[in-house]
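These notes concern the structure reproduced below.
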Amino acid sequence: MPRFAANLSMMYNEHAFLDRFAAAANDGFRAVEYLFPYDFPAGELKSRLDANGLQQALFNAPPGDWAAGERGIASLPGREDEFRRSIDTALDYARVLGNDKLHVMAGLAAPGVPREQQRAVYLRNLEYAARAAQGDGITVLIEPINTRDIPGFFLNRQDDAQAICREIGASNLKVQFDCYHCQIVEGDVATKLRRDMAGIGHIQIAGVPERHEPDIGELNYPYLFETIDALGYQGWIGCEYRPRAGTTHGLGWLRAWLQR
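Just so you know, the sequence shown maps onto residues 1 to 260 in the UniProt record's numbering.
In structure tokens:
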């Protein structure tokens with residue numbers, strides 16, 4: 001049966017961030033993920049995980065200047081030294097928090113830079129990240145993201161992401177498959193899960209098109225959960241959605257699934 005992780009960046013926003021761990025545990029989650037841990041000491045976050053019997057499933061490497069609109073630096077020419085430092089920082093946190101998955105955001109298309117040049121930078125940086133993470137048993141993830149949510153994002157398609165992973169050839173470099181992004185960009189979600197499961201390291205869900213609970217919209221999530229189960233996926237499924245109202249109130253979809 002699929003195992004679900006609460007995304008604390010989007011869920012439980014009715015609580016202060018550090019209080020979201022307890023709220024998620026009280027609702028039955030056994031793992032959490034979020035965008036970035038860097039506003040808090042790693043030890044403080046670890047204490048929240050331990051106090052609530054939670055596992056850390058995933059977080060993102062530093063993305064550059066998020067407040068200024070940057071959405072990752074892995075593909076940006078001239079930022080290679082900063083990228084390497086960001087991976088060092090992320091791995092320091094992962095060693096404390098215990099997660100074995102790290103998402104590295106590609107960033108936006110660089111104005112005036114040919115796509116192939118930017119792609120070459122991206123591949124070199126991902127090679128470095130995978131090599132640096134190997135010794136800690138951490139899998140580096142890349143995620144295709146739709147350009148409605150993040151206009152200009154460099155990586156958008158599942159086949160492109162899978163091709164990059166194959167080209168690099170690192171066993172600990174995989175794709176983060178977000179059903180929400182895939183449906184918006186490409187559709188045919190179940191077929192792509194079947195096609196790519198060997199190269200998928202993490203799965204995320206949300207309703208389409210509004211990114212609310214996975215119980216409304218274009219995607220039949222009970223069918224997708226059964227498909228994911230049949231394909232033998234053993235990882236966490238991250239609930240990266242914005243609740244329509246209170247988070248706990250909107251978890252009927254989860255309670256119904258767990259009672260099956």
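Cβ coordinates follow ideal geometry from the N, Cα and C atoms, glycine included.
Rounded to the nearest angstrom, the Cβ distance from leucine 126 to alanine 74 is 7 Å, consistent with a contact under 8 Å.
Residue burial is scored here from C-beta neighbours: threonine 247 has at least 16 other C-beta atoms within 10 angstroms and is therefore classed as buried. Leucine 193 and alanine 163 have their C-alpha atoms spaced approximately 15 Å apart. Rounded to whole angstroms, the gap between the alpha carbons of proline 2 and isoleucine 205 is 12 Å.
By the CB criterion at 8 Å, leucine 141 and valine 175 fall inside the cutoff. The Cβ-Cβ distance between glycine 217 and glutamate 226 does not fall below 8 Å. Residue pairing by DSSP puts arginine 3 in a beta bridge opposite Trp236. Using a C-beta cut-off of 8 Å, the stretch 79–86 makes no contact with the stretch 41–59, since fewer than three inter-stretch Cβ pairs fall below that distance. Counted as a single uninterrupted DSSP element, the stretch harbouring aspartate 178 is not any alpha helix (DSSP H) but the beta strand (DSSP E) occupying residues 173–178. Residue range 80–97 is occupied by the alpha helix (DSSP H) that includes alanine 90. Counting the other Cβ atoms within 10 Å of the Cβ of tyrosine 221 gives 16 or more, which makes it buried.
Scanning its chain for C-beta atoms nearer than 6 Å, with the 5 sequence neighbours on each side dropped, one finds around tyrosine 93 the residues Pro37, Ala42, in chain order.
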